[in-house]
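Each residue of the sequence shown is one higher than the last, beginning at 105 in the numbering used here.
Here a beta-carbon is modelled for each residue, glycine too, at the ideal position from N, C-alpha and C.
Here the structure is a predicted model, which is why all the values come from computation and not from measurement.
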Amino acid sequence: MATDAANAAGAAGPGGRAVTGQPPVAVITGAGRGIGAATALLLARLGWQVLAIDLAADDPSLPYPLASRAQLDRLAADAAAETGRPSIEVAVADVRDAGLLSELVRGAQQRWGRLDAAIAAAGVIAGGVPSWQLPADQQRTVLEVNLVGVINLANAAIPVLLEQPAPRSGRFIAVASAAASRGLPMLAAYCAAKAGVAGFVRALAVELGESGITANAVSPGSTATGILDESARLYGLSSATEFAQQQPMHRLLEPAEVAALLGFLAGPDSSGLTGAVIPVDGGLAL
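Set out below in structure tokens:
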């Protein structure tokens with residue numbers, strides 16, 4: 105069932121806590137397509153209840169199309185067809201809007217009686233020129249969506265996760281990038297934002313300490329997404345497939361391959377991992 109941002113969640117369960125037998129609950133940003141959509145669908149298949157958040161519209165500062173509302177709605181429909189239940193609900197929101205994100209996260213916890221994971225997958229790219237030539241509005245959008253959006257989701261989700269009675273568990277996971285540790289020419293703002301994500305997650309993990317809540321990130325390499333298509337255009341390549349040659353595996357990754365690690369990190373078997381920035385990059389970092 106698709107919902108608007110203002111009413112994406114309903115009444116609370118008893119005390120706002122999980123009821124025995126309820127499915128785990130995740131909130132995912134950037135879920136309209138790519139890695140975010142693949143992760144939402146994977147968790148739905150694994151029995152999770154997912155609130156999939158996306159801007160679901162183009163950004164006027166960026167010259168390429170973003171995920172659409174139709175794609176977001178199709179994600180929910182595909183999940184329902186596969187799982188036989190409304191396993192994904194959707195909400196339209198901008199990750200730069202901290203207040204709205206907090207409202208949606210709190211609403212998900214109230215609607216389903218719990219929150220188990222928050223996954224920050226929203227991302228955009230801009231560049232193609234040296235940093236000092238990048239239009240200010242594009243630079244601001246890249247930094248705010250890719251880094252501030254991650255921080256906004258953490259600030260919304262961590263207090264809710266901490267409300268669980270001890271011994272508690274919970275997962276905050278962000279999508280960084282191989283660009284977090286590589287200097288990619290003509291993508292300086294993107295590199296800066298993704299490096300910031302990695303640093304933020306490491307610090308967050310220390311702050312969460314023995315709370316039972318973990319914070320981790322994944323760093324994808326060249327993955328077949330809209331961002332990679334735009335990267336190819338910015339570099340003047342004929343196709344995104346040309347990026348495959350920079351990875352030792354000599355192929356692009358599929359969003360589902362990155363989602364597989366995100367799904368593991370969201371689950372109970374990742375309890376010993378925190379503060380990690382894990383590459384899923386076909387060997388690009390080697």
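Segment contact: the stretch 170-188 against the stretch 199-218, fewer than three CB-CB distances shorter than 8 angstroms; contact not assigned.
Assigned with DSSP and collapsed to three states, D158 falls in strand.
Less than 8 angstroms separates the beta-carbon of L338 from that of G231.
The secondary-structure analysis by DSSP pairs Q153 across a beta bridge with V129. Segment contact: the stretch 152-169 against the stretch 279-291, fewer than three CB-CB distances shorter than 8 angstroms; contact not assigned. Within the same chain, and ignoring the five residues on either side of G151 in sequence, the residues whose Cβ sits closer than 7 angstroms to its Cβ are P127. If you look at E361, you'll find it isn't in any beta strand (DSSP E); it sits in the alpha helix (DSSP H) that goes P359 to A370. In summary, L390 is exposed, with fewer than 16 beta-carbon neighbours lying within 10 Å of its beta-carbon over all protein chains present. If you draw a straight line from the Cα of Q350 to the Cα of N320, it comes to about 26 angstroms. Restricting attention to R178, R149 and N250, the CA atom closest to the CA of D198 is found in N250. Classified as buried, V129 has 16 or more neighbouring CB atoms from the shown chains inside 10 Å of its CB. Relative to V228, the option among A302, V252 and F304 whose CA is nearest is V252. Taking the Cα positions, A283 is about 30 angstroms away from S273.
Per DSSP, P383 is not a residue of any alpha helix (DSSP H); the beta strand (DSSP E) it occupies stretches across V381 to V384. Residue burial is scored here from C-beta neighbours: A307 has fewer than 16 other C-beta atoms within 10 angstroms and is therefore classed as exposed. Bridge pairing for N250: absent [DSSP]. Here the alpha carbon of A280 sits roughly 7 angstroms from the alpha carbon of P324. A296 and Q268 have their C-alpha atoms spaced approximately 34 angstroms apart.
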